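Below is one structure, written out as structure tokens; the observations come after it.
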Amino acid sequence: MAATALNYPFSGRDLARLSISSASTMSSGVSMISGANYSSSSASSSTSSPPQISISSAEDQTSENGAVTKIEDMGSEDMLKNAPPLPSPTEAGEPSKRGRGRPRKHPLPPFGAVQKVTKGRSKTGCITCRRRKKKCDETKPECNNCVKNAVVCEGYPEKTYWQSGRQRAEGECRSTWELWCQKNLLLTSLIARNSAPAAVSRFSDLPCLIDGIETRIDRVLLDHFVRNVSRILTLFNDNTNPFREMLLPLALQHRGLMHSLLCLSGSHLSNADPTYSLAQQHHFGKAMEYLLNDPVLTGQIAIAGDPTIATTLILCLNSICKGETEGEYRPHLDAARHMLSPTSSAEDCGNTFSNFLYEFFMYHDVINSVTSLDRRPILLMENYTLPAFIIQPEAGALLGVLDGLFGYLSKITLLRDQIRTRKANGEHPSVDYEVLSQAVAIDSEIREWVPAQVPESHRFIAAQLYRQSTWVYLYRTIMPSTPNPKIQRAVEEGLQYLRHLPENSGTQSILLMPLFILGCAAFDSNQRPEISRRFQGLHEYSGLGNIVTAHDVVKKIWELMDQGDEERSWDWEKIINEMGYDFLVT
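Mapping the sequence shown onto the working numbering, position 349 (from 1) lands on 350, and the numbers just tick up by one.
What follows is the structure, given as structure tokens:
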């Protein structure tokens with residue numbers, strides 16, 4: 002019988018399927034499966050080729066009865082599909098017993114297959130913590146995390162309720178309808194009479210409790226004004242603060258004044274967080290809109306104490322807070338000057354609020370002349386008379402106005418104008434006998450001036466600093482702009498007063514003007530680092546933008562001093578004008 006070759010691989014089960022058609026052939030048997038006939042073709046080739054097995058019969062010819070061994074086709078897929086499966090390792094052992102009782106409806110997952118569920122981030126924290134990516138303790142109305150880190154808590158987002166598409170469409174239609182009805186009141190009344198009860202909304206919009214406080218940002222701005230801004234604008238940072246006790250109650254009744262307060266608060270916040278600039282611009286526009294439509298500014302004369310005057314002064318403070326340097330404060334200060342003119346001051350000083358407004362305006366009006374060439378205080382007007390309440394300087398919210406010290410400051414400004422004119426005309430000497438005699442008289446008045454504050458108090462020390470800086474202002478006016486031991490000692494005494502004032506007290510709100518004058522007289526380079534540190538400390542305390550500008554001007558004057566430019570270092574008003582600045586040092 003001829004040898005038949007079979008290719009590997011195939012299983013032992015497949016070998017069992019080899020059928021022998023002749024019984025005699027089976028009796029003859031298979032001669033051998035020799036090791037010589039087993040050859041691996043992969044010995045000299047790739048290991049991926051399966052080895053070959055050759056199976057040969059002992060007989061070379063067919064059997065006597067002519068029967069031939071039949072080998073079934075191993076490529077048949079049907080035979081492979083019908084092959085019994087191999088027993089799995091788990092079936093080899095004993096069968097597992099089912100637990101007693103009723104089977105679970107929802108079987109427990111196998112042990113070790115439970116995955117850890119990822120928890121989502123909480124979305125109920127305050128807006129400030131979510132923006133800063135901090136953990137919020139969700140305390141209301143403001144979280145303790147914001148209070149602990151000294152940041153403004155913006156509160157929590159308003160709750161929103163899910164609405165279907167139909168409900169949202171009805172809401173949009175209703176909003177459009179309400180806007181249209183506001184423009185046509187007659188048609189609104191007719192439709193309201195004939196409309197069905199089902200068309201009435203379940204929830205009506207409640208009116209604003211306080212005019213001007215309409216959104217969550219408005220509430221944040223109001224809270225920031227009460228807690229922070231009001232305390233950096235005056236000597237008082239307790240319950241007697243006039244911005245909280247007098248100005249805020251008036252703003253509750255006057256929408257324009259409320260918008261100006263929120264505008265000032267927004268400017269102060271936007272210096273550190275520009276996201277509030279949009280709210281600040283909105284309230285500034287609203288405040289200006291009310292001012293332009295106010296009947297007081299359209300021909301009538303306002304009395305001191307009118308909310309319109311307060312609005313103009315707050316907008317002037319807004320320019321200071323933003324650090325504007327192009328004279329944006331001027332129209333507001335000029336409007337207040339017009340409404341506080343002598344013709345309107347006959348009956349304007351009968352209450353505490355009127356006194357506060359007058360003092361606040363006069364403080365900025367006089368100091369404006371220290372940094373400007375064309376702004377002269379109202380005190381120098383020939384027909385101007387001081388109000389009767391000027392005799393109570395100890396109750397002032399600021400320094401220099403009610404105690405009469407700013408009267409000397411205004412006179413010194415006039416002397417500077419005369420000397421500047423003589424220099425421009427080429428007259429020598431620039432300080433003639435007439436100017437010198439006026440300076441001697443002012444010097445005598447400054448020496449006789451006594452602060453009206455309680456001795457050894459912070460306000461008393463601040464008043465002494467104002468007196469010292471006024472004398473330095475007089476010396477820098479009539480003396481050459483050169484180093485001198487006398488001016489060096491005067492500046493050192495002024496710095497000594499500054500060292501006795503705590504950097505967190507209310508007196509920090511009024512120190513920019515005397516610090517600016519001391520800086521303009523600091524010929525000694527050893528005194529300048531301390532002055533620069535005090536400028537930085539004032540900015541950290543109040544955050545007002547004009548402090549940085551004032552420091553830049555002082556550093557420019559120091560450069561001219563070191564260059565020996567006597568002429569230019571004397572006239573700092575002209576330097577400010579050449580730098581393109583027009584600002585207040587208040």
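From the three backbone atoms N, C-alpha and C, an ideal C-beta is built for every residue, glycine too. All figures in this text were calculated on a predicted structure; none of them were measured in a lab.
Quick one: what's got a C-beta closer than 6 Å to residue i's C-beta in the same chain, skipping five residues either side?
{"i": "Trp472", "result": "Ile447"}
{"i": "Tyr157", "result": "Cys127"}
{"i": "Met580", "result": "none"}
{"i": "His540", "result": "Ile548"}
{"i": "Tyr277", "result": "Gly267, Leu270 and Ser271"}
{"i": "Arg217", "result": "Gly156"}
Using three-state DSSP, classify residue i as helix, strand or coil.
{"i": "Asp1", "result": "Because the chain here runs from 2 to 587, residue 1 falls outside it and cannot be looked at."}
{"i": "Glu327", "result": "strand"}
{"i": "Asp295", "result": "coil"}
{"i": "Asp525", "result": "coil"}
{"i": "Asp206", "result": "coil"}
{"i": "Asp335", "result": "helix"}
{"i": "Asp212", "result": "coil"}
{"i": "Asp307", "result": "coil"}
{"i": "Asp566", "result": "coil"}
{"i": "Asp583", "result": "strand"}
{"i": "Glu574", "result": "helix"}
{"i": "His613", "result": "One cannot answer for residue 613 here, as it falls past the ends of the chain, which runs 2 to 587."}
{"i": "Asp138", "result": "coil"}
{"i": "Ser355", "result": "helix"}
{"i": "His269", "result": "helix"}
{"i": "Gln164", "result": "coil"}
{"i": "His255", "result": "coil"}
{"i": "Ser261", "result": "helix"}
{"i": "Arg101", "result": "coil"}
{"i": "Arg377", "result": "coil"}
{"i": "Asn319", "result": "helix"}
Short of 8 Å in beta carbon distance, which residues of its chain neighbour residue i, apart from the five on each side in sequence? Order them along the chain.
{"i": "Leu234", "result": "Phe244, Leu318 and Ser510"}
{"i": "Gly612", "result": "Only positions 2 to 587 of the chain appear in this structure, which leaves residue 612 out of reach."}
{"i": "Lys557", "result": "Ile576 and Met580"}
{"i": "Ala273", "result": "Gly544"}
Taking Cβ to Cβ, would you say residue i is nearer than 9 Å to residue j?
{"i": "Ser261", "j": "Leu316", "result": "yes"}
{"i": "Arg377", "j": "Ser411", "result": "yes"}
{"i": "Leu236", "j": "Arg460", "result": "yes"}
{"i": "His225", "j": "Thr312", "result": "no"}
{"i": "Cys154", "j": "Thr129", "result": "yes"}
{"i": "Phe584", "j": "Gly328", "result": "yes"}
{"i": "Glu504", "j": "Leu374", "result": "no"}
{"i": "Trp571", "j": "Arg468", "result": "no"}
{"i": "Asp563", "j": "Ser526", "result": "yes"}
{"i": "Gln528", "j": "Val554", "result": "no"}
{"i": "Ala336", "j": "Leu292", "result": "yes"}
{"i": "Leu475", "j": "Leu499", "result": "no"}
{"i": "Val152", "j": "Arg133", "result": "yes"}
{"i": "Thr414", "j": "Ser370", "result": "yes"}
{"i": "Ser470", "j": "Ile518", "result": "yes"}
{"i": "Ala440", "j": "Ile479", "result": "yes"}
Beta-carbon within less than 7 Å of residue i's beta-carbon, same chain only, minus the 5 sequence neighbours each way: which residues are those?
{"i": "Thr587", "result": "Ile321, Tyr364, His365, Ile368, Leu513 and Met514"}
{"i": "His589", "result": "The requested residue 589 does not occur in the structure, where the chain is confined to residues 2 to 587."}
{"i": "Arg531", "result": "The question names Arg, yet the displayed sequence has Glu at residue 531. Excluding positions up to five away in sequence, the list reads Leu496."}
{"i": "Ala44", "result": "Only weak support exists for where Ala44 lies, its pLDDT of 38 falling under 50; the value from the coordinates is given anyway. Cβ neighbours of Ala44 beyond the five flanking positions: none."}
{"i": "Asn578", "result": "Leu374"}
{"i": "Lys135", "result": "Asn146"}
{"i": "Val230", "result": "Leu265, Ser266 and His269"}
Using the Cβ count rule (16 or more neighbours within 10 Å means buried), how would you classify residue i?
{"i": "Met247", "result": "buried"}
{"i": "Ala1", "result": "Past the edges of the chain, shown from 2 to 587, lies residue 1, and the structure says nothing about it."}
{"i": "Ser355", "result": "buried"}
{"i": "Arg417", "result": "buried"}
{"i": "Ala288", "result": "buried"}
{"i": "Cys209", "result": "exposed"}
{"i": "Tyr330", "result": "buried"}
{"i": "Tyr434", "result": "exposed"}
{"i": "Ala280", "result": "buried"}
{"i": "Asn426", "result": "exposed"}
{"i": "Thr241", "result": "exposed"}
{"i": "Gly589", "result": "An answer regarding residue 589 cannot be provided, because it is not within the stretch 2 to 587 covered by the chain."}
{"i": "Leu406", "result": "buried"}
{"i": "Arg535", "result": "buried"}
{"i": "Glu567", "result": "exposed"}
{"i": "Leu109", "result": "exposed"}
{"i": "Ser482", "result": "buried"}
Given the structure, does residue i come close to the ligand MG, in the sense that its CB is under 8 Å from one of the ligand's heavy atoms?
{"i": "Phe226", "result": "Here there are no bound small molecules, and the ligand MG is not part of this structure."}
Using beta carbons (cut-off 9 Å, strictly below), is residue i in contact with chain D?
{"i": "Ser278", "result": "The structure shown contains no chain D, having only a single protein chain."}
**Item:** Segments of 4+ residues assigned as alpha helix (DSSP H) that fall wholly inside the stretch 429 to 512
**Value:** 434 to 449, 459 to 479 and 486 to 500
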